[in-house]
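These notes concern the structure reproduced below.
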Amino acid sequence: MVDGRRAPFLGEYQHALDAKGRFILPARLRDQLGDVAYVTSDDDGCLALWRPEEFDVKASEIRERARQGERDVQRAFFAGAMEASPDKQGRVAISQALRDFAGLERDVVVVGLFDHIEIWDAAAWQQRKDAGEQRLAAGDGAPAPS
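Just so we're aligned, residue 1320 is where the sequence shown starts under our numbering, counting upward by one.
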């Protein structure tokens, strides 16, 4: 905890899925996550791992989108969501449906994104990271060149 708040999730970690669709959650992130977590599909085609309190916030956002006519987003989000707590070896199991959604086959990148953790296909992550770095370097918020 930091000043009564949970420490933010930070960092980038390279991992590989095992034959059962599990990846090892880095110890630093695992310690911050706690015993209960939820994995969901997320924007941009990645997966997100949430603590219960942050999952509740995200779920409220999704429900609000449904009230504004995006009911299919709500259906996809909640239908694929599952409890996904690390086992004793620190592995997190990802369902086949969620792996398919995010295009996860073997090499994955686990990224701390302050209030949640993202799980990316390694190649897709590199493209997103490169685009983000270009925008940061430009310093003007303009879209990165294609």
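Glycine is no exception: its CB is placed at the ideal position from the N, C-alpha and C atoms.
* Count the other C-beta atoms from every protein chain shown that fall within 10 angstroms of the C-beta of P1405, then say buried if there are 16 or more, exposed otherwise. => buried
* Between which two residues does the beta strand (DSSP E) harbouring Q1333 extend? -> 1331-1335
* Identify the continuous beta strand (DSSP E) that holds F1342 and give its terminal residues. => 1341-1343 is the extent of the beta strand (DSSP E) around F1342.
* Cα-Cα separation, Q1351 to C1365 -> 21 Å
* Buried or exposed: which applies to L1455, given that a residue is buried once 16 or more other Cβ atoms fall within 10 Å of its Cβ? -> exposed
* Asked: So the alpha helix (DSSP H) V1392 belongs to, where does it begin and stop?
  -> 1390-1399
* Alpha carbon of K1339 to alpha carbon of A1421, nearest angstrom -> CA-to-CA, the gap between K1339 and A1421 works out to about 16 Å.
* Hey, could you find the ends of the alpha helix (DSSP H) A1442 is sitting in? => 1441-1457
* Status (buried if at least 16 other CB within 10 Å, exposed otherwise) for P1345 -> buried
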